[in-house]
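Numbering (my numbering), first residue to last: 309 to 568.
Backbone N, C-alpha and C fix where the C-beta goes; we use that ideal spot for every residue, glycine too.
Here's the structure we're looking at; comments come further down.
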Amino acid sequence: MTSRPVETWLTDMDGVLVHEEVPIPGAQEFIERLKASDRRFLVLTNNSIFTPRDLRARLLGSGIDVPEEAIWTSALATAKFLDDQRPGGTAYVVGEAGLTTALHDVGYVMTDRDPDYVVLGETRTYSFEAITRAIRLVAAGARFIATNPDPSGPSQHGMLPATGSVAALISTATGRTPYFIGKPNPLMMRSALNRLEAHSETTVMVGDRMDTDIISGLEAGLRTVLVMTGSTRPEQVETFPYRPTRIVDSVADLLAEVDG
Numbered sequence: 309m310t311s312r313p314v315e316t317w318l319t320d321m322d323g324v325l326v327h328e329e330v331p332i333p334g335a336q337e338f339i340e341r342l343k344a345s346d347r348r349f350l351v352l353t354n355n356s357i358f359t360p361r362d363l364r365a366r367l368l369g370s371g372i373d374v375p376e377e378a379i380w381t382s383a384l385a386t387a388k389f390l391d392d393q394r395p396g397g398t399a400y401v402v403g404e405a406g407l408t409t410a411l412h413d414v415g416y417v418m419t420d421r422d423p424d425y426v427v428l429g430e431t432r433t434y435s436f437e438a439i440t441r442a443i444r445l446v447a448a449g450a451r452f453i454a455t456n457p458d459p460s461g462p463s464q465h466g467m468l469p470a471t472g473s474v475a476a477l478i479s480t481a482t483g484r485t486p487y488f489i490g491k492p493n494p495l496m497m498r499s500a501l502n503r504l505e506a507h508s509e510t511t512v513m514v515g516d517r518m519d520t521d522i523i524s525g526l527e528a529g530l531r532t533v534l535v536m537t538g539s540t541r542p543e544q545v546e547t548f549p550y551r552p553t554r555i556v557d558s559v560a561d562l563l564a565e566v567d568g
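In structure tokens form, the structure reads like this:
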């Protein structure tokens with residue numbers, strides 16, 4: 309890579325390091341090289357279901373040893389945003405432990421009585437009752453936040469509706485659109501940079517999706533690397549009005565640069 313030397317790495321998780329529970333060749337070595345080089349790095353994910361501890365255990369089960377503090381989720385970014393906007397606020401949360409824990413940790417109170425925010429995250433068990441409550445609270449004036457805009461996600465049995473789809477349901481019912489925190493919002497990248505005390509000009513974002521990883525990295529002023537092990541296929545790259553800084557087959561192609 310040209311320009312200033314790379315001091316910090318941000319990398320997506322699913323499609324870059326793992327496919328579900330299966331490690332992508334080169335991912336384990338990539339993370340080990342990053343740790344050995346003492347370069348600061350974060351693994352980013354739009355998934356708000358799990359806490360960093362949960363995700364560390366999941367990755368460890370795939371043979372990839374990522375420290376808990378090196379995992380940055382859309383739930384953590386959402387909690388950081390709300391803490392900056394309205395410290396000590398209240399929220400009605402539709403989501404799982406990753407989101408509720410992150411909000412508790414910044415001092416938020418969970419309530420369904422006149423909350424400051426309705427916060428929608430990912431869950432494997434969306435409750436019609438909880439969604440109805442969220443609709444009524446948003447209609448009554450609660451500010452509407454969603455952890456990420458992903459319309460669907462993978463599972464062992466096929467596609468699952470994700471946060472973006474449920475957000476669309478609530479928006480259709482209320483006429484109110486949420487503010488999405490996760491990728492492709494560059495806010496996710498900027499909060500990660502702030503956590504590392506890193507500079508955009510010396511940071512690289514590695515991702516597998518042009519429409520989330522690459523665009524949010526680009527808009528945050530980072531160099532971007534698209535890997536071909538995930539969602540975006542080679543023939544799709546030219547259909548986008550922007551380009552990554554580089555395209556490689558997989559993170560295995562970046563090992564020498566981490567050492568450099």
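GLY515 is bridged by DSSP to LEU534. Proximity to ARG451 across ARG531, PRO486 and ARG347 peaks at PRO486, based on C-alpha coordinates. A residue is called buried once 16 or more other Cβ atoms fall within 10 Å of its Cβ, and TYR550, having fewer, is exposed.
Going by DSSP, ILE522 is part of no alpha helix (DSSP H) at all; its letter is neither H nor E. As the crow flies, the alpha-carbon of MET418 is around 10 Å from that of ASP424.
When DSSP assignments are scanned along the segment 362 to 428, the uninterrupted stretches of alpha helix (DSSP H) that are 4 or more residues long and fall wholly within it turn out to be 382 to 393 and 405 to 413.
The segment 406 to 415 makes no contact with the segment 432 to 450; the number of CB pairs closer than 8 Å stays below 3. With contacts defined by Cβ atoms closer than 8 Å, TRP380 and ARG531 do not form a contacting pair.
Between the segment 381 to 398 and the segment 504 to 523 there are fewer than three C-beta pairs closer than 8 Å, too few to call the two in contact. The three-state secondary structure of GLY529, taken from DSSP, is coil. Straight across, the Cα-Cα distance linking PRO333 with VAL446 is about 45 Å. With fewer than 16 other beta carbons inside 10 angstroms of its own, GLU328 counts as exposed.
In the three-state reduction of the DSSP assignment, LEU350 falls in the strand class, which pools E and B. With contacts defined as CB atoms closer than 8 Å, PRO494 and GLU527 qualify as a contacting pair. Nearest in C-alpha terms to ASN456, of all of LEU468, LYS491 and ALA564, is LYS491.
Close CB contacts of GLU340 within its chain, under the 8 Å cut and outside five residues either way in sequence, are with ASP373 (chain order). Annotated three-state conformation of ARG503 is helix, per DSSP. Spanning the alpha carbons of ILE522 and ALA475 requires a straight line of approximately 23 Å. Judged by DSSP in its simplified three-state form, ALA481 adopts helix.
By the neighbour-count criterion, in which a residue is buried when 16 or more other Cβ atoms sit within 10 angstroms of its Cβ, ASP458 is buried. By the Cβ-count criterion, VAL330 is exposed, with fewer than 16 other Cβ atoms from all chains shown falling within 10 Å of its own Cβ.
Taking C-beta separations shorter than 6 Å and ignoring five residues to either side along the sequence, ARG366 has no partners in its chain.
In this structure, VAL566 lies near PHE338, with their beta-carbon atoms less than 8 Å apart.
Shown here for ALA481: same chain residues with a beta carbon closer than 7 Å to its own, the five before and five after excluded, namely ILE443 in chain order. Taking C-beta atoms under 8 Å as the contact rule, SER460 and SER473 qualify, at a distance of about 7 Å. For ASP320, no alpha helix (DSSP H) run applies; the uninterrupted beta strand (DSSP E) run containing it begins and ends at 316 to 320, by DSSP.
Minimum Cα-Cα distance from GLU404 among the listed residues PHE389, LYS388, ALA383 and THR520 corresponds to ALA383. The criterion of a C-beta distance shorter than 8 Å is satisfied by THR537 and ASP516.
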